[in-house]
Amino acid sequence: MSKVVIVGGGAAGLVAAIYASKCSNEVIILERNSKCGKKILVTGNGRCNYWNEEINTAHYHGDIELMNSIISLNNQEKVLELFDSLGIKKKIKNGYYYPMSNQASSIRNALVNEAILKGVSIRNDVLVEYINYLDNHFVLNTNIGVINCDKVIIATGSKALPKSGSDGMGYNFLKKFGHDVIKPLPALVQLIGKGKFFKQWSGVRSYGTVSLYENDQFIRKEAGEIQLTDYGVSGVCTFQLSGLIARGLYEQKKEQIAIDFLSWLDVSFDEYMSVNEGFTISQILEGSLNYKIVNMVLDMCNITNESKWSDLTINERRKLADTFTNFKVDIIDTKGFDKCQVCSGGIPLKDIDVNTMESKYQKGLYVVGELLNIDGECGGYNLAFAFLTGMIAGSSVLDD
Ligand SMILES: Cc1cc2nc3c(=O)[nH]c(=O)nc-3n(C[C@H](O)[C@H](O)[C@H](O)COP(=O)(O)OP(=O)(O)OC[C@H]3O[C@@H](n4cnc5c(N)ncnc54)[C@H](O)[C@@H]3O)c2cc1C
Numbered sequence: 000m001s002k003v004v005i006v007g008g009g010a011a012g013l014v015a016a017i018y019a020s021k022c023s024n025e026v027i028i029l030e031r032n033s034k035c036g037k038k039i040l041v042t043g044n045g046r047c048n049y050w051n052e053e054i055n056t057a058h059y060h061g062d063i064e065l066m067n068s069i070i071s072l073n074n075q076e077k078v079l080e081l082f083d084s085l086g087i088k089k090k091i092k093n094g095y096y097y098p099m100s101n102q103a104s105s106i107r108n109a110l111v112n113e114a115i116l117k118g119v120s121i122r123n124d125v126l127v128e129y130i131n132y133l134d135n136h137f138v139l140n141t142n143i144g145v146i147n148c149d150k151v152i153i154a155t156g157s158k159a160l161p162k163s164g165s166d167g168m169g170y171n172f173l174k175k176f177g178h179d180v181i182k183p184l185p186a187l188v189q190l191i192g193k194g195k196f197f198k199q200w201s202g203v204r205s206y207g208t209v210s211l212y213e214n215d216q217f218i219r220k221e222a223g224e225i226q227l228t229d230y231g232v233s234g235v236c237t238f239q240l241s242g243l244i245a246r247g248l249y250e251q252k253k254e255q256i257a258i259d260f261l262s263w264l265d266v267s268f269d270e271y272m273s274v275n276e277g278f279t280i281s282q283i284l285e286g287s288l289n290y291k292i293v294n295m296v297l298d299m300c301n302i303t304n305e306s307k308w309s310d311l312t313i314n315e316r317r318k319l320a321d322t323f324t325n326f327k328v329d330i331i332d333t334k335g336f337d338k339c340q341v342c343s344g345g346i347p348l349k350d351i352d353v354n355t356m357e358s359k360y361q362k363g364l365y366v367v368g369e370l371l372n373i374d375g376e377c378g379g380y381n382l383a384f385a386f387l388t389g390m391i392a393g394s395s396v397l398d399d
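What follows is the structure, given as structure tokens:
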């Protein structure tokens, strides 16, 4: 019988514990918080978007070429079966899975209760400070003393939202065993822009597209809701680009976004405006755009509120069209680890056996969840990755 310690009782750690306890292992979770799964409770705005019906590499960044076996259909089925067996009834919206209760606590409680039922010993308020390997076993220094065990699953999360308990300690545990760490950076995070116009658009939610340019080269375009704030931009659409932007800024690249507030137009801007030539420009656009955006763009183009399309010169028309459809914002920073949902970077998958999640540097040491160099888009992909890797590691500690 092996004694297995799981460091961190988050999404990955809880699932790892449930699977590890399926044999006669002694399984212990050490969690620094007074309860497990604190971060799960804030996911999906408190509703927990725990899965997506389209789990594939197109929705992830990092070592995606090495993650295929982790997200295999067989593994996906196993995790979904677990949730079914726990009594989680799913509600699927645009492919995003939520618990029918609309409460993240349903997921957290189901995992904690199952772990307890399976005989896992959950020790809360235990901070692991250091992990060593001596005389064929692991030695964990904690705030309550030394704990020895045969196998360790490190599930400490990244540096995202440190107040939830994940402050990046896991990276240091793994460095000690020879692992490289790709610089963790915020992802799925709000973007801070440079400019004087943010007060004017603050509070507006708009639909459109956002294109990312890195050193003036087009990189990627996202469509959806854009939240305009007094520091820059937020919302799912910009979140999807934020990891790339954070890494670009870290590498000292110029990061710029271009917003098309009118991407939904099915005719050219010229045609759209010309149809209602008798109205002022504000009157035409306020039917479809927030007045704050209309006023701001008119200000920037030095066009008065009373102006009609027919009053404008060709150059004024071009400038107006360009500002509404290609609104450039230089991004100078992100809101950082305190606000981000995940981190990009982490432990490279090349140093992990992806069939077991065991370290290639240290036998008996397993690495799961967001600690790894994989980050997903919004849509349930990050929790799915945490559950999948937790399931693989938990199943693997049974094998030898
Ligand atoms: C606001 C927000 C909303 C999100 N929404 C979604 C969503 O809807 N869908 C989705 O898929 N993803 C979402 N995510 C991302 C998702 O929550 C994470 O990717 C996922 O929780 C990672 O799981 P993990 O187990 O690897 O790490 P975590 O959940 O961070 O768990 C790590 C655990 O380890 C503990 N720990 C850390 N260090 C130590 C130590 N030294 N000793 C003991 N314990 C330690 C921590 O206290 C923590 O409980 C969201 C994240 C945030 C912040």
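In this text, residue positions in the sequence shown follow numbering that gives the first Met the number 0: the first is 0, and each later residue adds one.
Glycine residues also receive a C-beta, built at the ideal position from the N, C-alpha and C atoms.
All of these numbers come straight from a predicted model, not from anything done at the bench.
{"Item": "Alanine 383 Cβ short of 7 angstroms to ligand 1 heavy atom set", "Value": "yes"}
{"Item": "Cβ-Cβ separation, glutamate 30 to glycine 8 (assumed contact under 8 angstroms), whole Å", "Value": "4 angstroms"}
{"Item": "Span separating the alpha-carbon of valine 396 from that of valine 366", "Value": "12 angstroms"}
{"Item": "DSSP three-state assignment for glycine 344, whether helix, strand or coil", "Value": "strand"}
{"Item": "For glycine 379 and glycine 43, the rounded distance between their alpha carbons", "Value": "8 angstroms"}
{"Item": "Cβ-Cβ distance between glycine 368 and alanine 109 below 8 angstroms", "Value": "no"}
{"Item": "Proximity test, lysine 37 beta-carbon vs ligand 1 heavy atom, cut-off 7 angstroms", "Value": "yes"}
{"Item": "Valine 328 burial status per 10 Å Cβ neighbour count (16 or more: buried)", "Value": "buried"}
{"Item": "Cβ pair count under 8 angstroms reaching 3, the segment 276-285 against the segment 246-255", "Value": "no"}
{"Item": "Methionine 99: CB within 7 angstroms of a non-hydrogen atom of ligand 1", "Value": "no"}
{"Item": "Alpha helix (DSSP H) segments (min. 4 residues) lying fully within the segment 135-190", "Value": "168-175"}
{"Item": "Isoleucine 143 and valine 6 closer than 8 angstroms at C-beta", "Value": "no"}
{"Item": "Residue span of the alpha helix (DSSP H) that contains threonine 228, given as start and end", "Value": "Counting along the chain, threonine 228 falls outside any alpha helix (DSSP H), and DSSP gives it neither H nor E."}
{"Item": "Near ligand 1: glutamate 369 beta-carbon under 7 angstroms from a heavy atom", "Value": "yes"}
{"Item": "Glutamine 239 beta carbon near ligand 1 (any heavy atom closer than 7 angstroms)", "Value": "no"}
{"Item": "Backbone CA spacing between leucine 319 and glycine 192 [nearest angstrom]", "Value": "21 angstroms"}
{"Item": "Given 8 angstroms, three or more beta-carbon pairs between the segment 240-248 and the segment 209-216", "Value": "yes"}
{"Item": "Proximity test, glutamate 254 beta-carbon vs ligand 2 heavy atom, cut-off 7 angstroms", "Value": "Absence of ligand 2 from the depicted structure is noted, with ligand 1 being the only ligands included."}
{"Item": "Whole-number beta carbon distance between phenylalanine 323 and phenylalanine 268, since they are thought to touch under 8 angstroms", "Value": "7 angstroms"}
{"Item": "Cysteine 47 beta carbon near ligand 1 (any heavy atom closer than 7 angstroms)", "Value": "yes"}
{"Item": "Opposing strand residues paired with glutamate 270 [DSSP bridges]", "Value": "DSSP lists no partner for glutamate 270."}
{"Item": "Heavy atom of ligand 1 within 7 angstroms of threonine 56 beta-carbon", "Value": "no"}
{"Item": "Distance CB(valine 127)-CB(phenylalanine 137) smaller than 8 angstroms", "Value": "no"}
{"Item": "Neighbour flag for valine 14 against chain B, beta carbons, 8 angstroms", "Value": "The structure shown contains no chain B; it is built from a single protein chain."}
{"Item": "Minimum C-alpha distance to lysine 344 - residue among Lys220, Asn372, Asp352", "Value": "Rather than lysine, the amino acid found at residue 344 in this sequence is glycine. Of the listed residues, the one whose Cα sits closest to glycine 344 is Asn372."}
{"Item": "CB-CB length for leucine 40 against serine 104, believed under 8 angstroms", "Value": "6 angstroms"}
{"Item": "DSSP-derived helix/strand/coil call for asparagine 131", "Value": "strand"}
{"Item": "Ligand 1 heavy atom lying under 7 angstroms from the CB of threonine 333", "Value": "no"}
{"Item": "Whole-angstrom distance between tyrosine 49 and lysine 90, CA atom to CA atom", "Value": "11 angstroms"}
{"Item": "Rounded Cβ spacing between valine 341 and serine 163 (contact assumed at less than 8 angstroms)", "Value": "Valine 341 to serine 163, Cβ: 12 angstroms. No contact."}
{"Item": "Cβ contact check for the segment 300-318 and the segment 198-209: 3 or more pairs under 8 angstroms", "Value": "no"}
{"Item": "C-alpha gap between asparagine 55 and asparagine 67, whole angstroms", "Value": "8 angstroms"}
{"Item": "Close Cβ partners of lysine 37 (< 7 angstroms) along its chain, the five nearest in sequence each way excluded", "Value": "Ser163, Gly164"}
{"Item": "Neighbour-count burial assignment, arginine 316, 16 or more Cβ in a 10 Å radius", "Value": "buried"}
{"Item": "For aspartate 350, the residue or residues it bridges with in DSSP", "Value": "Aspartate 350 is not bridged to any residue."}
{"Item": "Segment limits, alpha helix (DSSP H) that includes glycine 389", "Value": "380-395"}
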